[in-house]
Amino acid sequence: MKILAPNLYKIILTNKNMRTSSRNLYIIKGSERSLMIDTSWNVPECLSEMEQALNELSIDCRNLDIFVTHNHVDHSGYVSFFTDRGARAFMNPVEIAASSDRYHRFYEDNDMRRSYTSEVGVTKERTPDAWQEIKAGADQLARDNNVNFDFPFTPIASGDRLSYGGYDFEVVSLAGHTSGQCGLVERNAKLFFCADQVILGLVPIVITSGKDQHLLTEYFASLRELASDYSGYRFLPGHYGEFTEIKEETDRIIAGYGERCTQLRQALAESNRPMTLLELDQALYIQRMQTYRYSFLFSYLHTWPKLFSCLDWLFETGVIDRTEKDGVLYWSLR
40 MKILAPNLYK IILTNKNMRT SSRNLYIIKG SERSLMIDTS WNVPECLSEM
90 EQALNELSID CRNLDIFVTH NHVDHSGYVS FFTDRGARAF MNPVEIAASS
140 DRYHRFYEDN DMRRSYTSEV GVTKERTPDA WQEIKAGADQ LARDNNVNFD
190 FPFTPIASGD RLSYGGYDFE VVSLAGHTSG QCGLVERNAK LFFCADQVIL
240 GLVPIVITSG KDQHLLTEYF ASLRELASDY SGYRFLPGHY GEFTEIKEET
290 DRIIAGYGER CTQLRQALAE SNRPMTLLEL DQALYIQRMQ TYRYSFLFSY
340 LHTWPKLFSC LDWLFETGVI DRTEKDGVLY WSLR
């Protein structure tokens with residue numbers, strides 16, 4: 040456990056079962072109630088580290104509040120565990136809406152998973168190999184992760200205030216990574232807990248999982264607001280290291296999405312025909328001359344949501360056209 044500032048602590052949590060980045064857990068120790076920002080994956084080693092940190096700080100669950108930035112399994116996996124023991128949770132209610140984020144709910148065999156794969160161009164009839172790999176892999180993830188998205192919480196919204204340990208936090212909307220993601224800003228101390236909106240050195244996934252969600256448009260607007268309004272702040276993200284050069288990071292992320300949009304336009308121009316998202320992803324995979332095996336499951340979870348965001352934005356801005364047939368979306372240059 041590392042001390043970042045008076046009454047502010049950081050714990051790095053790692054899920055060894057998944058080859059993903061570690062999670063930054065933040066705790067603000069208060070005289071009466073204390074705040075924990077998010078939890079972790081639902082794996083025992085993470086729970087053990089969280090409980091150890093709370094014990095070291097003499098924080099009882101009955102005096103603990105949890106600010107859930109967004110309802111992803113690596114952030115909310117243990118919220119219900121702590122609320123069952125007396126903690127209170129705060130979250131934007133948009134995060135429980137099906138349209139907000141279907142990403143980790145794809146682990147379950149449900150209508151959302153079927154509609155997403157169909158819109159991408161994967162069906163049991165059209166692409167049986169892809170369909171089977173995704174079904175088997177997602178079903179296994181559901182068993183391994185024991186995902187529970189349902190827990191009691193107090194609704195919060197942008198502008199709400201929470202005070203702990205001498206800090207006065209304001210809730211800030213961070214739409215993009217999900218529709219309802221929120222962060223916390225402390226204007227006097229110039230601290231900004233930015234969840235997964237900006238991650239040092241990475242281009243975060245904007246998880247579009249269906250047509251007309253407009254998430255990339257919202258994400259770009261949020262990034263520009265962060266760059267213009269929070270210069271000089273200390274940003275504490277959900278993953279990897281902290282940073283202060285916010286404009287440098289937001290410019291890099293916007294450029295990263297711009298490059299991917301350009302690649303999609305070029306692929307459509309070269310094909311000279313309408314293409315599914317699956318076809319576009321495979322075309323970009325070949326262009327990148329990747330040496331690893333193309334994985335439908337990896338693309339389903341990581342690549343397709345980002346490409347869907349780009350296609351949705353290109354369609355929204357009038358650059359490309361979209362048609363639909365039998366639940367499958369086809370994209371073409373306008």
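FYI, the numbering for the sequence shown is 40 to 373, going by the numbering used here.
Just so you know, even glycine gets a beta-carbon here, dropped at the ideal spot from N, CA and C.
Query, Result
"Contact defined as beta carbons within less than 8 Å: I believe Val133 pairs with Gly219. What is the distance between those atoms, to the nearest angstrom?", "3 Å"
"Cβ atoms of Ala128 and Arg101: under 9 Å apart, would you say?", "no"
"Return the CA-CA distance between Thr362 and Glu71, expressed in angstroms with no decimal places.", "57 Å"
"Identify whether Ala214 lies in helix, strand or coil by the three-state DSSP scheme.", "coil"
"Taking just the CA atoms, how far does Glu88 sit from Arg3?", "Given a span of 40 to 373 for the chain in the structure shown, any question on residue 3 remains unanswerable."
"Applying the criterion that 16 or more other CB atoms from any shown protein chain within 10 Å of the CB defines a buried residue, is Asn131 buried or exposed?", "buried"
"Among residues of its own chain, excluding the 5 on either side of Gly271, which ones have a beta-carbon nearer than 8 Å to its beta-carbon?", "Lys229, Thr283"
"With DSSP as the reference, label Ser261 as helix, strand or coil.", "helix"
"In the structure shown, what three-state DSSP assignment does Val367 receive?", "strand"
"Judging by CA-CA distance, which residue of Glu84, Ile76, Leu47 is the nearest neighbour of His278?", "Ile76"
"Going straight from the alpha carbon of Asp140 to that of Thr217, what length do you get?", "Bear in mind that a pLDDT of 49 at Asp140, under 50, signals an unreliable position, so the number given afterwards is only what the model happens to contain. Distance between the alpha carbons of Asp140 and Thr217 is about 6 Å."
"Output needed for Leu43: all residues of its chain with C-beta closer than 6 Å, excluding positions within five of it in sequence on either side, in chain order.", "Lys49"
"Can you give me the Cβ contacts of Thr289 inside the same chain, cut-off strictly under 8 Å, excluding the 5 residues immediately before and after it?", "Val237, Leu262, Arg263, Leu265, Ala266"
"Might you give, ordered along the chain, the residues of its own chain that have their beta carbon closer than 8 Å to the beta carbon of Glu225, omitting 5 neighbours on each side?", "Tyr206, Asp207, Phe208, Glu209, Phe231"
"Does Glu158 pass the burial test, meaning 16 or more other C-beta atoms within 10 Å, or should it be called exposed?", "buried"
"Within its chain, find whatever has a CB closer than 6 Å to the CB of Leu96; leave out the 5 residues flanking it on each side and keep chain order.", "Lys68"
"Leaving aside the five residues before and after Gly198 along the sequence, list all residues of the same chain whose C-beta is less than 8 Å from its C-beta, in chain order.", "Glu209, Val210"
"State the DSSP-derived secondary structure class of Asp140, mapped to helix, strand or coil.", "Confidence at Asp140 is low in this model, with a pLDDT of 49, below 50, so its placement is unreliable and the value that follows should be read with caution. Of the three classes helix, strand and coil, the one that applies to Asp140 here is coil, per DSSP."
"Hey, which unbroken runs of the alpha helix (DSSP H) at 4 residues or more fall wholly within the stretch 244-313?", "254-268, 285-310"
"With the cut-off set at 9 Å, would you say Gly215 and Tyr155 are in Cβ contact?", "no"
"What three-state label does DSSP hand Val107 in the structure shown?", "coil"
"Using a threshold of 9 Å, state whether the C-beta atoms of Gly240 and Leu368 are closer than that.", "no"
"Tell me Glu355's beta-bridge partners as DSSP assigns them.", "Glu355 pairs with nothing; no bridge assigned."
"CA-CA distance, Leu353 and Leu213?", "21 Å"
"Classify Pro132 as helix, strand or coil using the three-state DSSP reduction.", "helix"
"Give the straight-line distance between the Cα atoms of Ala322 and Tyr333, rounded to the nearest whole angstrom.", "11 Å"
"For Leu223, which option in Gln179, Leu254, Tyr269 has the closest C-alpha, if you only look at C-alpha atoms?", "Tyr269"
"Does Glu172 come out as helix, strand or coil in the three-state DSSP assignment?", "helix"
"Go ahead and pull the three-state DSSP assignment for Thr362.", "strand"
"Going straight from the alpha carbon of Asn94 to that of Asp150, what length do you get?", "42 Å"
"Is it true that the CB of Asp351 sits closer than 9 Å to the CB of Asp251?", "yes"
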